[in-house]
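**Q** Protein chains in written order, with our numbering: chain H, 1 to 336; chain E, 1 to 331.
All C-beta atoms in this analysis are idealised placements derived from N, C-alpha and C, irrespective of residue type, glycine included.
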Amino acid sequence: MTETFATDAKLLVDKHVEFIQNLDKKQDRLEYWMTEHLRVSGIYWGLVALFLLRRPHALDHEQIISYVLSCQNADGGFGGHTNHDSHLLYTMSSVQILAMLNALDRVDGLRVTKYVLSLQTKSPMTTVCGDKWGEHDTRFAFIALAILSFFNTQDQLDVNGVVEYVRGAMNYDGGFGSKPGGESHAAQVYTSVAALALAGRLDIVDRDRLSSWLAERQLPCGGLNGRPQKLEDVCYAWWVGSALDILQRRHWIQANKLANFVLSAQDEKGGIADRPGDVADVYHTCFGIAGLALVRYPGLEEVDPVYCMPRSVVERLGLDKWQSNVPESWSQQQAY
Amino acid sequence: MHGIRRRQEREPTQDELQQAKQRVDRYRALNSHIMDLKAKSVFTKDSLDATKRLLEQNTELHTVWNYRRTIFTSLDEWQSQDARQQMLDGELKFLLDIITKNIKSYWMWNHRMWALSSLPRPEWQRELALVAKLLALDARNYHGWDYRRFVVAQLKDAATDKHAVDIQEFAFTTEQINHDCANHSAWHNRSKLLPEILAQRDEDGQLQALQAENDLILNAIYTDPDDQNAWLYYDWLLDIQKSDADRCRLLRNKIAMIRELLELEEDSKRPLIELVSAYAELERLQSGSVLETEKKECLETLRRLEGIDPYRVGRYTDMSRTLSKQWALAA
């Protein structure tokens, strides 16, 4: 069933494309240099937005591929910028960029796999660290599974161990925290549910309890927050929306109200901010547009709720197989 | 970037442009200098100092934090326990100085944990007091609570009486809740400690503890019947009961309590949805225990909720369909 949208504002496609194209031109701004350490992720966010806006060639692909490859280090991982230390966050963005640009063959999958596996730890429990300095988090559990899926090397990871780690991060409200013991937060819910989808263990999720916790994220203004009592923020259109999509409960929030909220956070000069009236940035532009794509806002490419990449790319790579891991009983309860 | 308001920007003056350029040039020069030192594996007091100056300006440079740690461990002083203690005490002070710059910086918190884990004589109690101060300023701070759990785990590790640490922490959450029963972060932490507390008690002690818990959460519900988290915690208390009989008894109490609340305000969303889920759960545990009239009331309540809370209409219609099928009633 297609959603009908009675939205007050329009999506300023051309303005957002321009905004993304101009990001690399702001070299007179201190902020450009102070965010150099996550440049690769910035490019990923911009590219996802462009692909979903159906303007994938608005940035030079070959230039991006060269740059991303220059971020790979001797250990096989990628840093956020050339000569920056490897970290799973930037390895993930790099691999996602190469996947979207059909350039995964430009990198040695076994080298990247080796890097990811080197971050697996058994102490204090089986899990995956973000880098060699030992921080663990459900984000990294998800990223490890996702990166390895690109190279079909998932079975070299202790998937069961990682699944138990994610299970340990589940709380009484059905949500997931950053690690076992951590408070539920929508972004960690997304990474945990996406990790379980990749591992084929969505049976662990308390679907009803979590779906209702996620549905309660929608505030009267139509926007979503990340946990109770907190402010609405455009990026939760993705973190909450994607989790609901995987749980097949997208209809438990109001799509048109959410769309209106995201659209109202647009800067008329281009880009989307965290909420109306704030300064736009590429991160919120990405997740605002991805959030709109999730609720099937017209004119956008479909987005995969696990990978946050265009569905066409995920299908081309054969990575949509996580969908067959969704418990059968879930799809029997479709509203439409 | 979060929460930065747009302002009407006029064209900058020549002076302002010059100043901005100088700031950029200075920052870039320091950054390049440090990356150059790093590439050459320069591990000296000078390179340490350079990294400090850069990190003061930008706490998010995880590569520079990594480099800083490598410098520390490469210095000769690192081998002496006393010198190491002094260096890291200084590091903790430095981190405290910059904590207000970006209290949500993962990298900064990671570095603090590294410093404490590397200290010959870490003062975990002092860290506990520090994070308590932080939480007093922002009771829901995610990083603060994660850090607190890290510190408590260390205290427990070093303690001869580990259970005493759990009890102390449990008391901390009680204090937080008594101060503000809507502090979800405190309730969450409590939910992780309660099973440990119960495990150390005998059967009578467990019953006592659960009863006390019941009273505490009911107080929160009566204080704000709209607080979704209080109801979730209450449901969790039901989950951890020992028997279905106990659960059914508590569900009946829950229903009675909800009816009291609805007498005060009949269109109250949360009590209404909790009424339906209580009956649904009761019927699931004990088939036939819910009357036909009560089942019909549930379906009628779900219809009312579609009007009271239209954003969640998808959930209510799903529940109607599921329950009417389960109970063989017309939706």
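1. Just the Cα atoms here: how many angstroms apart are H:Lys15 and E:Leu285?
2. Roughly how many angstroms lie between the CA atoms of E:Asp267 and E:Tyr311, to the nearest whole one?
3. Along the chain, where does the alpha helix (DSSP H) that runs through H:Ala290 open and close?
4. Please identify, using Cβ separations under 9 Å, the residues of the stretch 248-264 of chain H that lie next to chain E, in order along the chain.
5. Does the stretch 220-233 of chain H touch the stretch 201-212 of chain H, meaning 3 or more C-beta pairs lie closer than 8 Å?
6. If contact means a Cβ-Cβ distance below 9 Å, which residues of the stretch 25-50 of chain E contact chain H?
7. First and last residue of the alpha helix (DSSP H) that includes H:Val95?
8. List, from N- to C-terminal side, the alpha helix (DSSP H) runs of 4 residues or more that fit wholly inside the stretch 48-107 of chain E.
9. Can you check whether the C-beta of E:Trp124 is within less than 8 Å of a C-beta belonging to chain H?
10. Looking only at C-alpha atoms, which of E:Asp309, E:Asp146, E:Ile308, E:Thr301 sits nearest to E:Leu323?
11. Span of the alpha helix (DSSP H) holding E:Lys333?
12. How would you call H:Ala265, buried or exposed, if buried means at least 16 neighbouring beta carbons within 10 angstroms?
13. What is the rounded straight-line gap between the Cα of E:Ser320 and the Cα of E:Leu262?
14. With a Cβ-Cβ cutoff of 8 Å, do H:Val349 and H:Ala197 count as a contact?
15. Throw me the rounded Cβ distance for the H:Glu100 and H:Leu47 pair, which I believe falls under 8 Å.
16. For E:Asp318 and E:Glu91, what's the separation of their Cα atoms in angstroms?
17. Got a sec? Which residues, its chain only, sit under 6 Å from H:Lys257 by beta carbon, not counting five neighbours each side?
18. Around the Cβ of H:His337, are there at least 16 other Cβ atoms within 10 angstroms (buried) or fewer (exposed)?
19. So the alpha helix (DSSP H) H:Gly46 belongs to, where does it begin and stop?
20. How many whole angstroms separate the CB atoms of H:Arg217 and H:Val193, which I take to be in contact at a CB cut-off of 8 Å?
21. Quick one: does E:Gly307 have its CB under 8 Å from some CB of chain H?
22. Under the rule that 16 or more other beta-carbon atoms within 10 Å means buried, what is E:Thr73, buried or exposed?
23. If you follow the alpha helix (DSSP H) that H:Pro56 is part of, which residue opens it and which one closes it?
24. The stretch 166-189 of chain H: which residues have C-beta closer than 9 Å to a C-beta of chain E, in chain order?
25. Please return the same chain residues whose Cβ sits closer than 8 Å to the Cβ of H:Ala9, not counting the five positions on each side in sequence.
26. Between E:Arg247 and the ligand ADP, is there a pair consisting of the residue's CB and a ligand heavy atom that are separated by less than 7 Å?
27. In this structure, how does DSSP classify H:Phe261 when only helix, strand and coil are distinguished?
28. Considering only their Cβ atoms, is the gap separating E:Glu283 from E:Pro276 smaller than 8 Å?
29. Any C-beta of chain E sitting closer than 8 Å to the C-beta of H:Ser192?
30. Could you tell me whether the Cβ of E:His62 comes closer than 8 Å to any Cβ of chain H?
31. List, in order along the chain, the chain H residues whose C-beta lies closer than 8 Å to that of E:Arg148?
32. Are any of the Cβ atoms in chain H nearer than 8 Å to that of E:Trp145?
33. May I ask you to report which of helix, strand or coil DSSP gives E:Pro195?
34. Contact between the stretch 177-195 of chain H and the stretch 144-151 of chain E: three or more CB pairs below 8 Å?
35. Checking contacts by CB at 8 Å: is E:Asn66 closer than that to chain H?
36. Evaluate contact between the stretch 145-152 of chain H and the stretch 95-113 of chain H, counting only Cβ atoms and requiring at least three cross-stretch pairs below 8 Å.
**A** Once the coordinates are examined:
1. C-alpha separation (whole angstroms): 56 Å.
2. Going by the C-alpha atoms only, they are around 16 Å apart.
3. Counting along the chain, the alpha helix (DSSP H) containing H:Ala290 begins and ends at 282-294.
4. Result list: Arg249, Arg250, His251, Trp252, Ile253, Gln254, Lys257.
5. Not touching, per the Cβ criterion.
6. Residues Tyr27, Arg28, Asn31, Met35, Lys38, Ala39.
7. For H:Val95, the uninterrupted alpha helix (DSSP H) segment begins and ends at 88-100.
8. Entirely contained in the stretch 48-107 of chain E, the alpha helix (DSSP H) runs reaching 4 residues are, in chain order, 62-74, 81-98.
9. No, E:Trp124 does not count as interfacial toward chain H.
10. Sorting E:Asp309, E:Asp146, E:Ile308, E:Thr301 by C-alpha distance to the C-alpha of E:Leu323 places E:Thr301 at the top.
11. In the structure as shown, chain E begins at 1 and stops at 331. Residue 333 of chain E is therefore absent and cannot be evaluated.
12. Buried is the call here.
13. Each residue's Cα considered, the two are about 21 Å apart.
14. Not covered by the structure: residue 349 of chain H. The range shown for chain H is 1 to 336.
15. Just to set this straight, residue 100 of chain H is Met in the shown sequence, not Glu. In this structure, H:Met100 and H:Leu47 form a Cβ contact; the two beta carbons are roughly 6 Å apart against a cut-off of 8 Å.
16. Going from the Cα of E:Asp318 to the Cα of E:Glu91 covers about 55 Å.
17. Excluding residues within five positions, the ones whose Cβ falls inside 6 Å are Gly222.
18. Lying outside 1 to 336, the shown extent of chain H, residue 337 of chain H is not represented and no answer is given.
19. Segment 39-52, the alpha helix (DSSP H) holding H:Gly46.
20. In fact, because the Cβ distance is near 14 Å, the residues do not count as touching under 8 Å.
21. With 8 Å as the cut-off, E:Gly307 does not count as an interface residue toward chain H.
22. With fewer than 16 other Cβ atoms within 10 Å, it is exposed.
23. Going by DSSP, H:Pro56 is part of no alpha helix (DSSP H) at all; its letter is neither H nor E.
24. Taking 9 Å as the Cβ-Cβ cut-off against chain E, the residues of the stretch 166-189 of chain H that qualify are Asn171, Tyr172, Asp173, Gly174, Gly177, Ser178, Lys179, Pro180, Gly181, Gly182, Glu183, Ser184, His185.
25. Excluding sequence neighbours, H:Ala9 sits near Asn260, Leu263, Ser264, Gln266.
26. As for the ligand ADP, it is missing from this structure, which has no ligand bound.
27. Helix at H:Phe261.
28. Correcting the residue identity first, residue 276 of chain E is Val in this sequence and not Pro. Not in contact: E:Val276 and E:Glu283 (Cβ atoms no closer than 8 Å).
29. With 8 Å as the cut-off, H:Ser192 does not count as an interface residue toward chain E.
30. At least one chain H Cβ lies under 8 Å of E:His62.
31. Neighbours of E:Arg148 in chain H, taken as residues at a C-beta separation under 8 Å, are lacking, since the least C-beta distance is about 10 Å.
32. Output row for E:Trp145: interface = yes.
33. E:Pro195 falls in the helix class under three-state DSSP.
34. Cβ pair count under 8 Å is three or more, so yes.
35. So yes, E:Asn66 belongs to the interface.
36. Because the criterion of three Cβ pairs below 8 Å is met, the stretch 145-152 of chain H and the stretch 95-113 of chain H touch.
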